[in-house]
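Residue numbers (the working numbering): 987 to 1550.
Worksheet for the structure shown next.
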Amino acid sequence: MRNPTRLKLFFAATSLISASAAHAITDGAGEATLNVSNQWGSGYCANVTIANNGDANISDWSVGLNLNGSNITNLWNGNLSGTNVTPAPHNASIAAGNDTNFGFCANGSATPSLASLEVQGGGSGSSSSNSSSSSSSSSSSSDSGSNSITVRMSGVTGDESVSLEIGGQTIETWTLSIGMLDYTVNTNASGELRVAFTNDSGERDVQVDYVMVNNVTHQAEDQQDNTGAYDGECGAGSYSEMLHCNGSIGFGNPFDGSSSSSSSSNSSSSSSSSSNNGNPDFPEFFVGNITTNGSVRSDFTQYWDQISPENEGKWGSVEGTRDQYNWGPLDDIYDYARASGIPVKAHVLVWGSQRPGWIDGLSAAEQRAEIEEWIRDYCERYPDTAMIDVVNEALPSHAPANYAANAFGSDWITESFRLAREHCPNAVLIYNDFNFLTWDTDAIIDMIRPAVNSGYVDALGLQAHGLYNPRPWTAQEIADKLDQIAELGLPLYISEYDIQESNDQLQLEYMQRHFPIFYNHPDVAGITLWGYVVGATWRDGTGLITSNGQQRPAMQWLMEYLDR
């Protein structure tokens, strides 16, 4: 299922396959369900969920696919041999009542289906032989009843326990597994619905994204004072209900239509509460781009639905001379975005590169004052900024803002975000870095964790240059990195994606490999490409269209994929 922090729109009826078109097959306690999540003229992406409906762990599984002439271009969370998929190292075992999944994209117009399922273990299940049916089920307990209730958990890091309570009675208790998981039960019970945590450690490691009752999604109820805290006991998290304490989270009575909010099962909430003082709203999922040579092309919204300034918003561009601001280029960007109804993702407030030269020669006290003045003045001029790259490339081997470290000391990253929260209370605050998806994942996670734990960081920006250099990164490697980074419990933005390849066919192949992984990952909240006009991008070979609008094959494929 898609990330509940976003509402992803598909603009053609053929792009979505309804839940009723899902294909399921069983083997003992195991049930595999295939859903085509996105389809375009010459290809599609699909997800396969393997549920354990038994009373013991499944230790291994194998799924056979009927591709009907299609060719898989990439696959994640599994290993492919011919048309047979076996687990990745992390998802071979499935606890009783839980599920796992893998996904793939393929070239071809035929609808795929499941050919076979083999599981080892699982104990007693709902079926003892293979069969096919139309189904949209996921992990489920063995209870029977008229109401199907699914609780979506994410950010789980250990052995937390959660109970589903209806009408004051405990219906089901689950011990959570690591990752993002659905927990489902069928019951005849009705009444006030609550999700109760019984042994959470108090760390930022569990969140309830939503509860789905009979395919209708319900968000947690806010207190009447709209503080963002739920049930008066547990604080809200950075993009959905994040549990900071023991207690329970209320969802009203979804059985009589009185729940706080709902949507179809193919939709997600586009905004949610935050524990940060600013309580920012997350924009709907987007695929955006940057300005071209300091300007916004007239064809921009033909292709993109979010905009970032390439260089116009960097401190050195705006305040090259102390106390003399050049807001003109940024004003043009914001005017265009407002007129077009698209969000601005600002880039960047605190960075070691492209900073004003005069900042280095000041005293620590003066640097502190100037950094806050810069952040304050930017936020006051553009209070409707949707997202901001607050700190960029802070790893010591990258381009850290040494002037900020001199000004604030070792916790300069956290302090920069605190100032951004104070002055930009409604913006989504992002830490952005390169090699996040490749060589430096562990080092960046270790460095940024204290700032994440402070509560001021709302999301993480993953620059995506060079996923093919010095060697191509596989779809599985990229998916694994996304999963690893997502364990920090924050939404992810693919912040600077491009493909430096002058060979049209190779650029197309890389685009087909990378983009579906980003687009379909449940924790990715938006994608920003870094330039699109040939000859007007920061690196030769990354352009996607010529200045007169002729599209390279990768751009043609992308626009078809997005149905734009």
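All C-beta atoms, glycine included, are put in the ideal place defined by N, C-alpha and C.
It should be emphasised that the depicted structure is a prediction, and the values quoted were computed from it without experimental measurement.
Do residue j and residue i have their beta-carbon atoms positioned less than 7 Å apart in this structure?
i       : j       : result
Leu1453 : His1500 : yes
Trp1360 : Trp1313 : no
Cys1091 : Asn1060 : yes
Ser1294 : Ile1276 : yes
Asn1038 : Ala1015 : yes
Ile1399 : Ala1437 : yes
Gly1089 : Ile1044 : no
Asp1046 : Ala1008 : no
Ala1096 : Asn1070 : no
Trp1026 : Gln1462 : no
Asn1093 : Gly1029 : yes
Phe1422 : Ile1430 : yes
Val1414 : Pro1266 : yes
Pro1342 : Glu1305 : yes
Asp1291 : Ile1328 : yes
Phe1403 : Val1443 : yes
If residue i sits next to residue j, beta carbons under 8 Å apart, how far is it from one beta carbon to the other, in whole angstroms?
i       : j       : result
Val1049 : Ile1135 : That belief does not hold up - the Cβ atoms of Val1049 and Ile1135 are roughly 27 Å apart, past 8 Å.
Asn1087 : Val1171 : With 8 Å as the limit, Asn1087 and Val1171 do not qualify as a contact, their Cβ atoms being about 19 Å apart.
Pro1477 : Ala1445 : 5 Å
Gly1517 : Tyr1479 : About 17 Å; that fails the 8 Å criterion.
Thr1427 : Lys1467 : 6 Å
Asn1418 : Val1334 : 7 Å
Drop a sphere of 10 angstroms on the beta-carbon of residue i, count the other beta-carbons inside from all chains shown, and report buried for 16 or more, exposed for fewer.
i       : result
Ser1067 : exposed
Pro1456 : exposed
Trp1543 : buried
Asn1200 : exposed
Ser1533 : exposed
Gly1535 : exposed
Thr1514 : buried
His1076 : exposed
Asp1375 : buried
Thr1156 : exposed
Ser1339 : exposed
Lys994  : Low local confidence applies: a pLDDT of 35 at Lys994 is under 50, so the model's placement there is unreliable, with the coordinate-based value given in what follows. Per the 10 Å Cβ criterion, buried.
Gln1310 : exposed
Glu1401 : buried
Ile1531 : buried
Ser1147 : exposed
Asn1021 : buried
Ser1488 : exposed
Gln1288 : exposed
Arg1308 : exposed
Tyr1547 : buried
Thr1278 : buried
Asp1509 : buried
Ala1540 : buried
Asp1490 : exposed
Thr1371 : buried
Arg1190 : Here Arg1190 scores only 38 on pLDDT, less than 50, and its place in the model should not be relied on; the value that follows carries that caveat. Its Cβ being crowded by 16 or more others within 10 Å, Arg1190 is buried.
Ser1261 : Since pLDDT at Ser1261 reaches only 40, below the 50 mark, its modelled position is unreliable, and the value read off the structure follows with that caveat. By the 10 Å Cβ count, Ser1261 comes out buried.
Thr1159 : exposed
Gly1529 : buried
Ser1110 : exposed
Arg1324 : exposed
Using CA atoms only, rank isn't needed, just tell me which of the options is closest to residue i.
i       : options                            : result
Tyr1483 : Phe1504, Asp1469, Gln1470, Leu1474 : Phe1504
Asp1397 : Ile1434, Ala1372, Thr1427          : Ile1434
Gly1527 : Ala1511, Leu1492, Asn1054          : Leu1492
Ile1011 : Arg1367, Asn1060, Ser1056, Val1105 : Val1105
Glu1366 : Gln1353, Pro1342, Trp1337, Leu1405 : Leu1405
Arg1550 : Pro1382, Trp1160, Val1273, Asn1421 : Val1273
Leu1100 : Asp1013, Val1334, Ser1028          : Asp1013
Asn1297 : Trp1337, Ser1326, Ala1450          : Trp1337
Ile1235 : Asn1063, Ile1152, Val1520          : Ile1152
Val1520 : Asn1024, Gln1486, Arg1308          : Gln1486
Ala1450 : Pro1508, Arg1354, Ala1465          : Ala1465
Val1181 : Ala1511, Gly1238, Asn1133, Arg1324 : Gly1238
Ile1345 : Asn1392, Gly1299, Asp1291          : Asn1392
Ile1416 : Val1377, Asn1439, Ile1431, His1507 : Val1377
Asn1133 : Gly1177, Ala1511, Val1443          : Gly1177
Leu1051 : Gly1040, Asn1065, Ala1042, Asp1041 : Asn1065
Trp1459 : Tyr1496, Gly1299, Ala1380          : Tyr1496
Phe1241 : Asn1057, Val1282, Ala1175          : Ala1175
Glu1352 : Tyr1322, Pro1098, Tyr1389          : Tyr1389
Pro1269 : Met1373, Thr1072, Ile1036, Ser1481 : Met1373
Entirely enclosed alpha helix (DSSP H) segments - the segment 1315-1395, minimum 4 residues: 1350-1367, 1388-1394
Could you pull out every unbroken beta strand (DSSP E) segment of at least 3 residues lying fully inside the segment 1021-1054, listed in chain order? 1029-1038, 1044-1052
Contained beta strand (DSSP E) runs [length at least 3] in the segment 1411-1496, N- to C-terminal order: 1414-1419, 1445-1450, 1478-1483
May I have a chain-ordered list of the alpha helix (DSSP H) segments no shorter than 4 residues that lie completely inside the segment 1291-1318? 1301-1304
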